[in-house]
Amino acid sequence: MRDCAHGSELVWTGAIEEVARLAEAREDGPDANADAELDVLRRLGLLAAPIAPEGRGYRYTFPAERALPALAGLGGADLSVGRLFEGHINVLQLVALFGTEAQQARVRGAVEGGALLGVWGADGSPPFTVENVGDDRLRLGGAKRFASGLGAVSLALVPYSDAENRLCLLLLGVDDIARMEPESWRMRGMRASRSGTFRFEGIEISTDCVVGQPNDYRREPFFMGGIWRCAAVQLGAIERLVSGFVKELHALNRLDHPLQSARVGEAILAARDARLQVEAAVQAVEGGADADLAASLAVFSRLRVESAGLVVIQLVERGLGLAAFAEAHPLARPIRDLSTYLRQANPDAVLLEHARRLAARLPEIFR
């Protein structure tokens, strides 16, 4: 990263260090939040840094070679903040790709004012619904769960399936506190991500809130291909765990023990493997490769990062023993957060689907 609209390397480095300091001092109770850490990004202009004005709208100007170190750095500093920033730039890219100039102007004005954005995809109970009530009006119903940044996100992209099972997107204001259920997010980790439930019952909106055409959201390499960004955030946390593991062993004067050295070596191998997979996915997605192939490689990068994360967590816990399970241990919360964030929807089905796709294209992969 160098000096330009997306924030200089120096600014990003300072922001990541400050986020890490604040996160380390943060209480990790059930009502934890990352407001102070997000204020760092807001104060330094980094929430608006990925875009450049164009007319009333904007262009997305945060290429992967700059997004990757930012996402990994934030993931290493605090996974909740990394998760929220990943969702934020996902919205910025999607509205730049598919939004009208008026929608881009709305998003641009919001982020220039310090707003945080998010993508809220998981249906709650009852599921999210959209009903056409005529006169270019839509009535919303149901809920979205796992809505990351609840109470911090001002605008969200909310996907839904229409009557023809086409995936559509709405750009919605989501700052009504009365509709929020933060208590639905009671997890072992990622507590500060505030991924609660938001209820939409009875809201009426204009069709001007519809972003793009049906199934635009499914376009590759921006749909599954964008998974590399989540993997990058998780990668940063994995690398932090490895570094923290080495630091702890050194402080305990146990780093030179053969078994501990072996654990460190295995952890480095896992982390390096994960990074190489993510970097390969970035190259495929951002380098103009075949969109379907790039999407499958991005999916595989996240699966590999998941495997690496589980390996590193086990190595750290075995190497440090019971000490790593103490609430106050510096690696305890990163382990809890990573264990939670590594969970993804139906990973077995994802593996099978993309294994079939890649098996048919091995000459392109192995050349």
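Note that the working numbering has the sequence shown beginning at 40, numbered continuously upward. The beta-carbon is built from N, C-alpha and C at its ideal position, and this holds for glycine as well.
Exposure of residue i, with buried meaning 16 or more beta-carbon neighbours within 10 Å
i, result
"Q252", "exposed"
"I55", "buried"
"D117", "buried"
"I277", "buried"
"S234", "buried"
"K286", "exposed"
"G138", "buried"
"P260", "buried"
"D376", "buried"
"G228", "buried"
"G53", "exposed"
"G148", "exposed"
"L401", "exposed"
"L291", "exposed"
"R268", "buried"
"P373", "buried"
Cβ shell of residue i (< 8 Å), same chain only, five flanking positions each side left out
i, result
"E305", "V350, L354"
"R225", "P69"
"E140", "G94, R95, G96"
"L370", "L280, G283, F284, E287, V355, L359, A363"
"F339", "Q316, A320, H393, L397"
Limits of the alpha helix (DSSP H) - the one that residue i falls within
i, result
"P64", "Contrary to the premise, residue 64 reads as Ala rather than Pro in this sequence. 48-64 is the span of the alpha helix (DSSP H), which, as asked, contains A64."
"R210", "Note that residue 210 is Leu in the sequence shown here, rather than Arg. Taken as a continuous stretch (DSSP letters only), L210 belongs to no alpha helix (DSSP H), being part of the beta strand (DSSP E) at 206-212."
"G348", "330-359"
"I307", "297-325"
"P221", "Element bounds for P221: n/a, residue is neither H nor E."
"P386", "386-398"
Contact set for residue i: own chain, Cβ-Cβ below 6 Å, skip 5 residues either direction
i, result
"S335", "H393, R396, L397"
"A330", "E259, P260"
"E318", "none"
Inter-residue spacing [alpha-carbon to alpha-carbon] between residue i and residue j
i, j, result
"L274", "L86", "21 Å"
"L179", "A365", "45 Å"
"G326", "A111", "20 Å"
"A271", "A217", "34 Å"
"V172", "D215", "23 Å"
"H368", "Q142", "45 Å"
"L390", "D174", "44 Å"
"A399", "R382", "28 Å"
"G115", "E170", "42 Å"
"G153", "E345", "32 Å"
"N254", "A91", "26 Å"
"R65", "K183", "27 Å"
"F262", "Y256", "6 Å"
"P221", "G212", "17 Å"
"G84", "S223", "31 Å"
CB contact check: residue i to chain C, cutoff 8 Å
i, result
"G265", "Judged by its chain identifiers, the structure shown contains no chain C, having just a single protein chain."
Continuous beta strand (DSSP E) stretch holding residue i: start and end
i, result
"P260", "P260 -> no beta strand (DSSP E), and no H or E assigned at all."
"R184", "182-186"
"R238", "235-238"
"E243", "243-245"
"R98", "96-99"
"N171", "168-173"
"E93", "90-93"
"G157", "155-158"
Close Cβ partners of residue i (< 7 Å) along its chain, the five nearest in sequence each way excluded
i, result
"R343", "D312, A313, Q316"
"L49", "none"
Check whether the segment 71-83 and the segment 178-193 touch, using three or more Cβ-Cβ pairs below 8 Å as the test. Short answer: they touch.
Is it the case that the segment 124-141 contacts the segment 205-214, given that we only count it when at least three CB pairs across the two stretches are under 8 Å? Verdict: yes, contact present.
Cβ pair count under 8 Å reaching 3, the segment 195-204 against the segment 147-160: Output reads yes: the segment 147-160 touches the segment 195-204.
Can you find at least 3 beta carbon pairs, one from the segment 288-305 and one from the segment 235-247, that sit closer than 8 Å? Result no; under three Cβ-Cβ pairs closer than 8 Å.
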